[in-house]
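Asks: Here you go, one structure.
Numbering (our numbering), first residue to last: 3 to 260.
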């Protein structure tokens, strides 16, 4: 138990104290950013772990999402004789919604759970307490590098996901279904807006999702009870809380940005 661990008897109280404790922990993380610069190599290592090691699942899922989306949209648009706009609709759907949201959900399931489990195991084996005894700030050494790595990795992974989704849509639409290649790309480039679709849809959303998922993952790891059961429950809470937060935040960002 520590000062970030929520206290409460009923579900509502526990949820509110979780949110409050997570907010306080965010302030602690931001305050520890200057101190964490001395552990720059740890941040790079975590960036490799949460970013580069997640590329496989991001690329594969992005490819198949684009392929399935093209198949579905081609069938629907063929009813209205608008199959030439399939590439444009795929691009808009991927850039504005599917890219950031699915990337964040995959990131939470792959990297977020790993971060929570790793920090929770460090808590269970008293490694964090040992750092404090050796005058090493565990927030600056353990939590902040993982938070910054997730914040940096999420936009990059989202760009990779969107690129693979567009490639999958092109593969199905042009190669399989016979859409003209020039029409596919010209409609897409004519309708996709850099500010609305790329900056707001991809970059800002992915940054917000990366911050939320990384914060939840690190917070759950730091506040988990030092037992194997506690680590298991914390990992589960990371996935559940991150998924809900991603979808709720997506609605809020869409309402304001779009």
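C-beta atoms are modelled at their ideal positions from N, C-alpha and C, and glycine is treated no differently. None of the values given here were measured: they were computed from a predicted structure.
When you compare the stretch 125 to 140 with the stretch 14 to 21, are there three or more beta-carbon pairs, one atom per stretch, that lie closer than 8 Å?
Replies: With a cut-off of 8 Å, the stretch 14 to 21 and the stretch 125 to 140 do not count as touching, because too few Cβ pairs lie within range.
Asks: Near residue 207, what residues of its chain come up, given a Cβ to Cβ distance below 6 Å and the 5 sequence neighbours on each side ignored?
Replies: Hits under 6 Å: 102 and 255.
Asks: Can you say whether residue 140 is buried or exposed, counting buried as having 16 or more other CB atoms within 10 angstroms of its CB?
Replies: By the 10 Å Cβ count, residue 140 comes out buried.
Asks: Looking only at its chain, what residues have a beta carbon closer than 6 Å to the beta carbon of residue 150, apart from the 5 residues adjacent to it on each side?
Replies: Within the same chain, residue 150 has close Cβ partners 45.
Asks: Within 10 angstroms of the Cβ of residue 64, are there 16 or more other Cβ atoms? Answer buried if so, exposed if not.
Replies: Buried, by the Cβ-count rule.
Asks: Is residue 147 helix, strand or coil by DSSP?
Replies: Correct three-state label for residue 147: helix.
Asks: Determine the contact status of residue 251 and residue 219, defining contact as a CB-CB distance below 8 Å.
Replies: No, the Cβ-Cβ distance between residue 251 and residue 219 is not below 8 Å.
Asks: So residue 177 is in the alpha helix (DSSP H); what residue range does that whole segment cover?
Replies: Per DSSP, residue 177 belongs to no alpha helix (DSSP H) and is neither H nor E.
Asks: Going by DSSP, what residue range makes up the alpha helix (DSSP H) through residue 131?
Replies: Looking at the DSSP string, the run of the alpha helix (DSSP H) that includes residue 131 is 129 to 135.
Asks: Going by other Cβ atoms of all chains shown within 10 Å of its Cβ, with 16 needed for buried, is residue 82 buried or exposed?
Replies: So residue 82 counts as exposed.
Asks: Mark residue 3 as exposed unless 16 or more other C-beta atoms lie within 10 angstroms of its C-beta, in which case mark it buried.
Replies: Reliability fails at residue 3, whose pLDDT of 49 lies under 50, so the model's placement of it is uncertain and the value that follows must be treated cautiously. So residue 3 counts as exposed.
Asks: If you draw a straight line from the C-alpha of residue 76 to the C-alpha of residue 37, how long is it?
Replies: Rounded to whole angstroms, residue 76 to residue 37 spans 53 Å at the Cα level.
Asks: With DSSP run on the structure shown, which of helix, strand or coil describes residue 1?
Replies: No statement about residue 1 is possible, as the shown extent of the chain runs from 3 to 260 and does not include it.
Asks: Taking all protein chains shown into account, decide if residue 66 is buried (16 or more other Cβ within 10 angstroms of its Cβ) or exposed.
Replies: Exposed: under 16 other Cβ atoms inside 10 Å.
Asks: For residue 216, which residues in the same chain have their Cβ closer than 7 Å to its Cβ, ignoring the five residues on either side in sequence?
Replies: Answer for residue 216: 148, 149, 152 and 153, listed in chain order.
Asks: For a quick check, are the C-beta atoms of residue 52 and residue 142 less than 8 Å apart?
Replies: Contact flag unset, no.
Asks: What whole-angstrom Cβ distance do residue 110 and residue 241 have, given they're in contact under 8 Å?
Replies: Right, the Cβ-Cβ distance comes to about 6 Å (below 8 Å), so this counts as a contact.
Asks: How is the alpha helix (DSSP H) around residue 34 delimited, first residue to last?
Replies: Here the alpha helix (DSSP H) through residue 34 covers 13 to 38.
Asks: Please determine, among 229, 98 and 42, the residue with the shortest C-alpha to C-alpha distance to residue 194.
Replies: Of the listed residues, the one whose Cα sits closest to residue 194 is 98.
Asks: Residues in its own chain within less than 7 Å of residue 146 by CB, not counting five upstream and five downstream?
Replies: Excluding residues within five positions, the ones whose Cβ falls inside 7 Å are 31, 34, 35 and 38.
Asks: If you run the structure through DSSP and keep just helix, strand and coil, what is residue 58?
Replies: Here residue 58 sits in helix by DSSP.
Asks: What's the call for residue 181, buried or exposed, on a 16-neighbour Cβ count within 10 Å?
Replies: It counts as buried.
Asks: Please state if the CB of residue 186 and the CB of residue 196 are separated by a distance shorter than 8 Å.
Replies: Cβ atoms of residue 196 and residue 186: not closer than 8 Å.
Asks: Return the chain-ordered list of same chain residues with a C-beta closer than 7 Å to the C-beta of residue 90, the five sequence neighbours on each side being excluded.
Replies: Same-chain partners within the cutoff: 189, 190 and 193.
Asks: If you check the beta carbons only, do residue 204 and residue 160 fall under 8 Å apart?
Replies: Result yes, Cβ atoms of residue 204 and residue 160 sit closer than 8 Å.
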